[in-house]
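This report concerns only the one structure given below.
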Amino acid sequence: MNSIPNNQNNNLDNHLINCLDKAEEYICLESKHGFLPYLPGQNPTIESSVWGALSMLSRKNYIIDFFQSLLSYQNKDGGWSNQPGLLGSDWSSSIAAFALKIIAKEYPDFEPVALKSAYQKATQWLLENRSEYYSNSARFALLIWRGPQYDYPHGWPWTPNTFDWVEPTSYALLSLQNKNNSSHIEKILKNAEKYLFKVSCPNGGWNFGDKTPFGEPEPADPHSTALVLLSLKSRCPEDLHIQKSLAWLKEKQAKFSSIHQIAWCSLALSTYNYTENILEFAISKQNDNGSFCQNLLTHTIMTLSLKTLNNPSYLV
Amino acid sequence: MKKSRRQFLQLSAAAVTTSNLSTACSSNQKHIQISEAQKTQKPKGRSKVFIAKSENYQEKNLVDILSKGLTETGPEIKNKTIFLKINLVSYSPEHPLVTDPRFVSCLIQTLKNFGAKEIRIGDGPALTRDTDYVLELTGMKEVCQKHQIQFVDLNLDDVVERKNILKFTNIDSFLLPKALISSDLIISVPKLKTHHWALMTASMKNLFGALPGSKYGWPKNLLHVQGINESIIDIASSLKADYAIVDAIIAMEGDGPIHGSAKNMNTIFCGKDLAAVDSICARAMSLPVEAIPYLQLAEQVFGNTKLEKIDIIGEKLENVLQKFELPPTFGTNGQIKNLPGLTASMESGST
Chain A
1079 MNSIPNNQNN NLDNHLINCL DKAEEYICLE SKHGFLPYLP GQNPTIESSV WGALSMLSRK
1139 NYIIDFFQSL LSYQNKDGGW SNQPGLLGSD WSSSIAAFAL KIIAKEYPDF EPVALKSAYQ
1199 KATQWLLENR SEYYSNSARF ALLIWRGPQY DYPHGWPWTP NTFDWVEPTS YALLSLQNKN
1259 NSSHIEKILK NAEKYLFKVS CPNGGWNFGD KTPFGEPEPA DPHSTALVLL SLKSRCPEDL
1319 HIQKSLAWLK EKQAKFSSIH QIAWCSLALS TYNYTENILE FAISKQNDNG SFCQNLLTHT
1379 IMTLSLKTLN NPSYLV
Chain B
-6 MKKSRRQFLQ LSAAAVTTSN LSTACSSNQK HIQISEAQKT QKPKGRSKVF IAKSENYQEK
54 NLVDILSKGL TETGPEIKNK TIFLKINLVS YSPEHPLVTD PRFVSCLIQT LKNFGAKEIR
114 IGDGPALTRD TDYVLELTGM KEVCQKHQIQ FVDLNLDDVV ERKNILKFTN IDSFLLPKAL
174 ISSDLIISVP KLKTHHWALM TASMKNLFGA LPGSKYGWPK NLLHVQGINE SIIDIASSLK
234 ADYAIVDAII AMEGDGPIHG SAKNMNTIFC GKDLAAVDSI CARAMSLPVE AIPYLQLAEQ
294 VFGNTKLEKI DIIGEKLENV LQKFELPPTF GTNGQIKNLP GLTASMESGS T
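As you go down the protein sequences, you meet chains A and B in turn. Quick note: the first sequence uses the numbering used here, first residue 1079, plus one each step. Quick note: the second sequence uses the numbering used here, first residue -6, plus one each step.
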């Protein structure tokens, strides 16, 4: 098991660089045309691939490959299916759109027309596929009663025509937040934000999106909490519940032993400038081939959390 | 008093909204149409369910019992690749949430004794993305290591598309995990529990965990929106599990499937007809079978739930009868209650 000797910052940076290099090489090894599966040897998925690409932003050739693949998998309706080509567009559409946004920011001269077109189609799909509590007839009645601009706090579902949940709503917020949004879109995002606060856990953090799914309180979990914190960072970082959730995450990080939970915790905390040094933990988990664990999604999140250690605004 | 146009529109909107929210309630209160074509899907003939008592999870005792059950009612095991679809919903030291790892271990040993070519176990937990962590905390990881078998996270596995045969929901086809579909035999190995929304969960409801969260989400909300009972039947008929072995040695009563209490039932139920197995489980729990819509539906299109069509082998049903405390969502007659705030929670659904 590797450990970091007590040394100056130079050595620490070298350890970080070395660890990240190995992690990135592993991503290259397991990817095909910039796309990653959840587990080695499997078919690629949008979720793993996007987080993989986000952790490889400095490698332009990788991003080019990823982008071409992502475009080829975009469905005619503008969305994506997490398992490309299988069944219809789903929650992974927002992660894909988020990737397009980040690539456009990182590489502004890279295929601007194709990228913008893909992003606009994705945005349209997302705006048309929020969750709905009301049937068509009820919505028609509301349209007459409250007018076309009426909206209410709700978010995004996992699959179309179902209810809203924390994770897909957070992804949608991440993908749709832009400086030059119309007031209509901003209203929608504000209502998504309200939905997230509505379903937050009283003691801090978020779970999948139901405070009492079986009549009893369901505790928060780090994955959901981390995603919400990322999605709200540019909107309301000083909000009391955000601060409470960061405190909850910080407290939990010290107690977690699961690499999945630590990776998500660290990513969120680093983004808010709580620079808990997870480098030692990451090095202790890193195998000779550069992987932190078998699950490639978790591997990419751990890689990203290391990248945000010294650069909190790497992602948001 | 004459109403203004504005008041009329407000009242109309309220009426339509209320009506639609009520319609979205559990299909516990909804009449489900069954076509003749759907009825032809039901296999003909009688069903066998094996019942045995087991005071504990001790290996020698349990392997003997499971061997007997397989011999009396089981499919051919020799040289088959087998997938055990267990229940790994979550971890709690206080509640018996999952198929007991000792039970799973004994079952694996039994199947090896019967000459199984390959055995894998798996689940797709609906409420957590960190399956590895639940695997470790529940002790199931040790079972896999002990027997050197693979655990498959069904939430993340490669998938194949399979047509929805019965279509009581509006779902045309399902994405199902390759590891499951490619096995010669699929065995549903649930923990017997009461259920907050469905009244009970046994071998058929256990198959919800076969659907990958990578497509359907965490939780798999599509299944609740389409109706829990309809979804149970559609998934069971599309997946075609070959056998059920129910861990009811320590079951769960009360506010299951997560917050209920342990109930020492000391019983195992096995059978090829999952509907028959579940209906016997329900009777053993002293639940009103006619109040469980998915069993009523199953009787028409999937398997036998009526006692006169089921041969019970081993222990007598009356010797394993116990009164299970119902979830607070159900009245003593097994009908779901209209509790305040219940409708919204039911619509959102979880597992």
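Yeah, the Cβ is synthetic: ideal placement off N, Cα and C, and Gly gets one too. Computed from a prediction, not measured in an experiment: that's the story for all the values here.
Taking a C-beta cut-off of 7 Å against chain A, the contacting residues of the segment 203 to 231 of chain B are 207, 208, 209, 210, 211, 212, 214, 215, 218, listed in chain order. Counting other Cβ atoms within 10 Å of its Cβ, residue 1256 of chain A stays below 16 and is therefore classed as exposed. Within the segment 1172 to 1200 of chain A, no run of alpha helix (DSSP H) reaches 4 residues while sitting entirely inside it. Using a CB distance below 9 Å, the part of the segment 1164 to 1176 of chain A facing chain B consists of 1164, 1165, 1168, 1169, 1170, ordered along the chain. Counted as a single uninterrupted DSSP element, the stretch harbouring residue 257 of chain B is not any alpha helix (DSSP H) but the beta strand (DSSP E) occupying residues 254 to 264.
Counting C-beta pairs with one atom in each stretch, the segment 1132 to 1142 of chain A and the segment 1102 to 1113 of chain A have three or more that are closer than 8 Å, which means they touch. At least 8 Å separates the CB of residue 235 of chain B from every CB of chain A.
Using a Cβ-Cβ distance cut-off of 8 Å, the segment 1288 to 1302 of chain A and the segment 1258 to 1265 of chain A are not in contact, since fewer than three pairs of beta carbons, one from each stretch, lie closer than that value. Judged by DSSP in its simplified three-state form, residue 180 of chain B adopts strand. Distance between residue 1163 of chain A and residue 155 of chain B, taken at the CA atoms: about 14 Å. When Cβ-Cβ separations below 8 Å define contact, residue 1117 of chain A makes contact with chain B.
Not a single CB atom of chain B sits nearer than 8 Å to the CB of residue 1391 of chain A. Bounds of the beta strand (DSSP E) holding residue 170 of chain B are 166 to 170. In the DSSP assignment, residue 246 of chain B forms a beta bridge with B:254.
Looking at B:271, B:234, B:93, B:319, the one whose alpha-carbon comes closest to that of residue 190 of chain B is B:319. Residue 239 of chain B is positioned such that its CB atom lies no closer than 8 Å to that of residue 78 of chain B. For chain B, the residues of the segment 1210 to 1228 of chain A that bring a beta carbon within less than 7 Å of one of its beta carbons are 1212, 1213, 1215, 1216, 1219, 1220, 1222, 1223, in chain order. Residue-level contact check: residue 1293 of chain A touches chain B, since one or more beta carbons of chain B fall below 8 Å from its beta carbon.
Residue 1237 of chain A reaches chain B at 208, 209, 210, 214, 215, counting residues in chain order whose Cβ is nearer than 8 Å. Annotation for residue 156 of chain B: the continuous beta strand (DSSP E) segment containing it runs 152 to 156. Residue 1330 of chain A sits in a helix when the DSSP states are folded into three classes. If one requires a minimum length of 3 residues, the beta strand (DSSP E) runs lying completely within the segment 50 to 135 of chain B are 74 to 79, 111 to 116, in chain order.
Put simply, the segment 258 to 277 of chain B touches the segment 285 to 295 of chain B. At least three CB pairs are less than 8 Å apart. Beta-bridge pairing by DSSP links residue 236 of chain B to B:180.
Using a Cβ-Cβ cut-off of 9 Å, residue 1299 of chain A is close to 120, 121, 122, 123 of chain B, given in chain order. Any Cβ of chain B closer than 8 Å to the Cβ of residue 1108 of chain A would place that residue at the interface, and such an atom is absent. Residue pairing by DSSP places residue 40 of chain B opposite B:303 in a beta bridge. Put simply, the CB of residue 168 of chain B is near chain A, with a gap under 8 Å to one of its CB atoms. In the three-state scheme derived from DSSP, where H, G and I count as helix and E and B as strand, residue 293 of chain B is classed as helix.
Contact annotation for residue 1331 of chain A against chain B: no contact, minimum CB-CB distance about 14 Å [criterion: below 7 Å]. Interface residue (Cβ-Cβ distance to chain B less than 8 Å): residue 1286 of chain A is classified as such.
With distances taken between CA atoms, residue 131 of chain B lies nearest to B:88 out of B:119, B:171, B:88. Contact annotation: in the segment 148 to 176 of chain B, residues whose CB is within less than 8 Å of a CB in chain A are 149, 150, 151, 152, 154, 166, 168. Taking residue 263 of chain B as the centre and dropping the five residues before and after it, the same chain places the C-beta of 43, 62, 66, 238 closer than 6 Å to its C-beta, in chain order. By the neighbour-count criterion, in which 16 or more other beta carbons inside 10 Å mark a residue as buried, residue 1222 of chain A falls on the exposed side.
The DSSP-derived three-state label of residue 213 of chain B is coil.
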